[in-house]
Structure formats: C-alpha cells, structure tokens
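Note that our numbering has the sequence shown beginning at 2, numbered continuously upward. Just below is one structure, and these are the notes that go with it.
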Amino acid sequence: VLNEMKGLRRGHLNIAVASTANYFVPRLIAAFHRRHQDISVTLEVTNRESLLKLLDMNAMDLAIMGQPPSGEPAAHPFLENPLVIIAPPDHPLARESNIPVSRLATEHFVVREEGSGTRGAAERFFETHGITLQATQQMHSSEAIKQAVEAGLGLGLLSLHTLEMELILKRLVVLDVEGFPIQRQWYVVHPRGKRFSGVAQAFMKFTLEGAGHLLKTPEWRN
Ligand code: PGA
2 VLNEMKGLRR GHLNIAVAST ANYFVPRLIA AFHRRHQDIS VTLEVTNRES LLKLLDMNAM
62 DLAIMGQPPS GEPAAHPFLE NPLVIIAPPD HPLARESNIP VSRLATEHFV VREEGSGTRG
122 AAERFFETHG ITLQATQQMH SSEAIKQAVE AGLGLGLLSL HTLEMELILK RLVVLDVEGF
182 PIQRQWYVVH PRGKRFSGVA QAFMKFTLEG AGHLLKTPEW RN
C-alpha cells in the first residue's frame, strides 16, 4: 500500500481514447488531477482502428473506447454511449415520430471515416435492418460532421456525447427513429502486456467508480 501511495504522489499517465471520448475524458482527467496534483497526463485522441494498433503495441497505460477487441478480458464498461441520428431543425423528418428505419434508405448521410467505431456500429445497425447506408460524404471528425449536418449536407449518426452544445443551442435535433438510440458502452482497457502502474490503477478505479456522478450523457428528447 505504501508503495502504491508513493507511486501515486508523482507519476505520468499515458491515455489513448477514441475520438468521440474526447468530449468527456478531459473532465475525468481534471477531477482526477484535483486529487493527485503531481500527476501529469498525456492524452492521445484517435479512431478505433488506430487505438487497436496502439493497444497491440502496448503504447499506452490505459485506453478508453466504444468497442474493445473481442474477448478482451481487461475491458471494463463504465458509461453508456448512445448513438443517435441528427438533422438540422428544419429537416422534414424533424417533425415526425417513430420514423421507420426503412425511411432512411433514401436519405444521404455524412459519416465518419473507415476505422471509426461509430461508423462500424452504424454500418452494422443498417445491415441488420437490410438497408444500405448512403454514406455519400465522409469526414474524419465528429466536429466536421456536426457542421456539415447543420449546413444541410445530409443526416449524421453520432454519439450523444458529442452533441451536448448543439442540442442545447438547438442547432441540431435528434430524429425519433425506431431502434434508436443504438445502445453502446464506453470501456476502459488496460493493455495486457503493459505493467499496470499505481497511477494507471488509480485512474482506472477512479473512472469505474466516479464516471456515474462526474459524467452525464446529454438529454436527447427534443
Ligand atoms: P470512434 O470510436 O471515435 O473511432 O468512432 C468511438 C466508438 O467506438 O464509439
């Protein structure tokens, strides 16, 4: 215990997160830092595919992602990650409720890049419903997608965590589509080949225990 405490007084934490998680992970880091002021943090933000490569290389102390590698025993869920469909407020579908998924077959979407966990989950959802997602426009960040959807380029499919501001400001609305939100989870993952440092253990414990009251998933009812 003494060693653990000693290790905690100082230390460095190398975290890599899926790009969608950058909407809440800094809040966790700030709260953790208030308790352990001498700990420094490096945060790498990238998509799921790059995260898997970094995990293989043990290139971080902890990863936070929406879909860990299958059969990953060191992955712990700690927060919901609902995916929703967004539109500009003046879109005709914004006034409808219980929109059947089949209605989306003729809509154009602005989607994340190949390798994004959000993109993968969206594709699996539409495939299950026998619908080809019209992924006409592709963008490498949630920010770009929100701007594009707001400007009328198409519908978007993003995690609710990326949408807090736009929903409050009513720049975007969440469409009431059957089967949505797609329910997913956020996981914290410790690479198996990496020594589990005292700081990393403390941050994982803090995340698993504290996420519930520190982090709120934005409201989505319009
Ligand atoms: P992404 O991953 O940022 O690569 O889309 C997040 C997720 O899997 O939800």
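Each residue gets a CB set at the ideal place from its N, CA and C atoms; glycine is no exception. Bear in mind the structure is a predicted one, so any value in this text is a computation, not a measurement.
Problem - Nearest candidate by alpha-carbon position, reference T218, set L52, S198, M166, A106 - result: M166
Practice task
Kindly list the residues whose CB is nearer than 6 Å to the CB of R120, restricted to its own chain and excluding five residues on each side of it in sequence; keep chain order.
Solution key: V112, R113
Exercise for the section: Indicate the three-state DSSP secondary structure (helix, strand or coil) for F25 in the structure shown. Expected result: coil
Practice task
Go ahead and label F204 buried or exposed: buried means 16 or more other beta carbons lie within 10 angstroms of its beta carbon, across all protein chains shown.
Solution key: By the C-beta density criterion, F204 is buried, having at least 16 other C-beta atoms within 10 angstroms.
Problem - Between the CA atoms of I146 and M140 - distance to the nearest angstrom - result: In this structure, the CA atom of M140 is about 6 Å from the CA atom of I146.
Problem - Identity of the residues DSSP links to E45 by a beta bridge - result: A17
Problem - Residue span of the beta strand (DSSP E) that contains R120, given as start and end - result: First-last for R120: 118–129, but that is the alpha helix (DSSP H), not the beta strand (DSSP E).
Exercise for the section: Can you give me the Cβ contacts of G157 inside the same chain, cut-off strictly under 6 Å, excluding the 5 residues immediately before and after it? Expected result: I87, V111, I146, V150
Practice task
Label Q224 either buried or exposed according to how many other C-beta atoms from any shown protein chain fall within 10 Å of its C-beta, with 16 as the threshold for buried.
Solution key: No information on residue 224 is available, as it lies outside the stretch 2 to 223 that the chain covers here.
Practice task
Kindly indicate which three-state DSSP category S198 falls into: helix, strand or coil?
Solution key: coil
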